[in-house]
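Chemist: Take the sequence shown: its letter number 12 is residue 11 in numbering that gives the first Met the number 0, and every next letter is one higher.
Don't be surprised by glycine CBs; every beta carbon is placed ideally from N, CA and C.
Predicted, not measured: the structure shown is a model, and the values here were computed from it.
Take this structure first; my questions come after.
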Amino acid sequence: MGGAHRERLVKRIVVGITGATGSVYGLRLLELLADQGEWETHLVMSSSALLNIREEIPNGRKLIESAAHVVHNIRNVGASIASGSFLCDGMVIAPCSMRTLAAVAHGLSDNLITRAADVMLKERRRLVLMTRETPLNLAHLRNMVACTEMGAVVFPPVPAFYARPDGIDAIVNHTCMRVLDLFGVHRNVAQRWQGLTNDGADPALVPATIERQA
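In structure tokens, the structure reads:
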């Protein structure tokens, strides 16, 4: 009884990393959640992700695995996160390849990432897909619609230039901050929108803000 109580004092999130470019998003999410302190992270990487990580991040696999609490093998479809009885608060696939998007859209639980994503959908838990591809063809778009209709959040990692990022790290931080907002984790690791600056607002184009008291 006491053990079961302690189990839910820790929030859990699954992080999947697939073969699309942008593995740094998965790494940064794990780092931010580790800094948060109350989140237990479960990591799954596809074989294509491992190839891509080798090209994108020096010593990347070691960095990513060390940032997670639990690392699962992509082929272990009997892992804890493959069951809806395993309590967790959601999943992020960062980045999400078009192949993985298609598998999630059509319920193909053919590896641990797609099985865990299917669990999120059937248990009505938060599933965020950081889809990474451009340009998009009709199959991509239809798969995004299918996932959205099932309750997933399609979140392409699009830079916010209003924050005036000074490099890749700033762009990654802003995107990951927005993703974590969807899980109720509000980290101010990047500039949030505060409205137009005084020197950037044209009085002729922007109406004055009207504050009314009840």
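If we call anything under 8 Å between Cβ atoms a contact, is Thr99 one with Thr17?
Modeler: Numbered from 1 along the sequence shown, position 100 holds the residue referred to as residue 99. Numbered from 1 along the sequence shown, position 18 holds the residue referred to as residue 17. Yes, the pair counts as a contact, with Cβ atoms nearer than the cut-off.
Chemist: Under the assumption that Leu31 contacts Ala67 (Cβ atoms under 8 Å), give the Cβ distance between them as a whole number of angstroms.
Modeler: Within the sequence shown, numbered from 1, the residue matching residue 31 stands at position 32. Within the sequence shown, numbered from 1, the residue matching residue 67 stands at position 68. With 8 Å as the limit, Leu31 and Ala67 do not qualify as a contact, their Cβ atoms being about 12 Å apart.
Chemist: Have a look at His105 and Glu122 and give me their C-alpha separation to the nearest angstrom.
Modeler: Position 106 of the sequence shown, counting from 1, holds the residue named residue 105. Position 123 of the sequence shown, counting from 1, holds the residue named residue 122. In a straight line, the C-alpha of His105 is about 16 Å away from that of Glu122.
Chemist: Name the two residues that bound the continuous alpha helix (DSSP H) containing His139.
Modeler: As a working mapping, residue 139 is identified with position 140 in the sequence shown. Segment Leu137 to Glu148, the alpha helix (DSSP H) holding His139.
Chemist: Taking all protein chains shown into account, do 16 or more other C-beta atoms lie within 10 angstroms of the C-beta of His185, making it buried, or fewer, making it exposed?
Modeler: What you label residue 185 is simply residue 186 of the sequence shown in a count that begins at 1. Per the 10 Å Cβ criterion, exposed.
Chemist: Given a threshold of 16 other Cβ atoms within 10 Å of its Cβ, counted over all protein chains shown, does Thr40 qualify as buried or as exposed?
Modeler: Mapped onto the sequence shown, residue 40 falls at position 41. Counting Cβ neighbours within 10 Å, Thr40 comes out buried, since at least 16 surround it.
Chemist: On a Cα-Cα basis, can you pick out the residue from Leu181, Val152, Arg191 and Met176 that is closest to Asp34?
Modeler: Locating residue 34 in the sequence shown gives position 35, where the first residue counts as 1. Among Leu181, Val152, Arg191 and Met176, the Cα nearest to that of Asp34 belongs to Met176.
Chemist: Looking at the unbroken alpha helix (DSSP H) that takes in Ala33, where does it start and where does it end?
Modeler: Residue 33 sits at position 34 when you count from the first residue of the sequence shown. Ser22 to Gln35 is the extent of the alpha helix (DSSP H) around Ala33.
Chemist: When the Cα atoms are used, what is the spatial distance from Met9 to Ala93?
Modeler: Here the question's residue 9 lines up with position 10 in the sequence shown. Here the question's residue 93 lines up with position 94 in the sequence shown. Position check: residue 9 holds Val in this sequence, whereas Met was assumed. Cα to Cα, the separation comes out at about 22 Å.
Chemist: Under a Cβ-count criterion, where at least 16 other Cβ atoms within 10 Å of its own Cβ denotes burial, should Ser82 be classed as buried or exposed?
Modeler: In the sequence shown, counting from the first residue as 1, residue 82 sits at position 83. Answer is exposed; the Cβ neighbour count stays below 16.
Chemist: Quick one: grab the DSSP three-state call for Glu54.
Modeler: As a working note, residue 54 is residue 55 in the sequence shown. Note: Glu54 maps to helix in three-state DSSP.
Chemist: Taking the alpha-carbon positions, what's the Leu135 to Asp109 distance?
Modeler: Position 136 of the sequence shown holds residue 135. Position 110 of the sequence shown holds residue 109. Roughly 24 Å separates the two Cα atoms.
Chemist: So, is Gly25 buried or exposed, given that buried needs 16 or more other C-beta atoms within 10 angstroms?
Modeler: For the purposes of this step, residue 25 is taken as residue 26 along the sequence shown, with counting starting at 1. It is buried - the Cβ of Gly25 has at least 16 other Cβ atoms within 10 Å.
Chemist: Report all residues from its chain with a CB closer than 8 Å to the CB of Arg74; omit the five preceding and five following residues, and keep chain order.
Modeler: As a working mapping, residue 74 is identified with position 75 in the sequence shown. Hits under 8 Å: Asn110 and Leu111.
Chemist: Output yes if chain D places a C-beta closer than 8 Å to the C-beta of Val188; else output no.
Modeler: Among the chains in the structure shown there is no chain D, since it carries only a single protein chain.
Chemist: Can you find the residues in the same chain that come closer than 6 Å, C-beta to C-beta, to Gln193, ignoring five residues on each side of it along the sequence?
Modeler: The sequence position of residue 193 within the sequence shown is 194, counting from 1. Counting only Cβ-Cβ distances below 6 Å, and skipping sequence neighbours, we find nothing.
Chemist: Using the Cα positions of Met90 and Leu128, report the straight-line distance between them to the nearest angstrom.
Modeler: Position 91 of the sequence shown, counting from 1, holds the residue named residue 90. Position 129 of the sequence shown, counting from 1, holds the residue named residue 128. Going by the C-alpha atoms only, they are around 9 Å apart.
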